[in-house]
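Mapping to the working numbering: the sequence shown position 1 is 522, numbers consecutive. A virtual CB, placed ideally from N, CA and C, is assigned to each residue, including glycine. None of the values given here were measured: they were computed from a predicted structure. Data first, discussion second: the structure below is written as structure tokens.
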Amino acid sequence: MDWKLNQSVETEYIPDQLAAYTIISKANKGLVRLDLMDVAGSPVESFIGTANAVRKDVVRALTGANSLMYPNEISTEHASYIGYELAKAESEADYVQG
């Protein structure tokens, strides 16, 4: 296969049907916390750890056989956004979720 360089351009966000949202914050000792909330604004699950560990656990919780609580799986776009925000939370001193 030949190598190819793709030019990426801004596109509109395509929402998924997850029916949940996240609150991401810094925790003690350089860790991050992610609270998974339902549409009513109640916490369903929380995760704490390094950004990479939390990202993996959350995506696993929201996909495949593990997503029994969430019948609509998370989109790849939504999953990548969560990973992006977790990395920012871990690396920025004064992180505010975007």
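(message) Suppose you measure from the CA of I595 to the CA of I569; what does that come to, to the nearest Å?
(response) 20 Å
(request) Look at the alpha carbon of P574 and the alpha carbon of V553, and state the distance between them as a whole number of angstroms. (result) Before going on, a small fix: residue 574 reads as Ala here, not Pro. So the alpha carbons of these two residues sit roughly 10 Å apart.
(message) I'd like to know if the segment 522 to 531 and the segment 540 to 557 are in contact, where contact means that at least 3 CB-CB pairs between them fall below 8 Å.
(response) no
(request) Note down the Cα distance separating D615 from D523, rounded to an integer number of angstroms. (result) 43 Å
(message) Beta-carbon within less than 6 Å of A582's beta-carbon, same chain only, minus the 5 sequence neighbours each way: which residues are those?
(response) none
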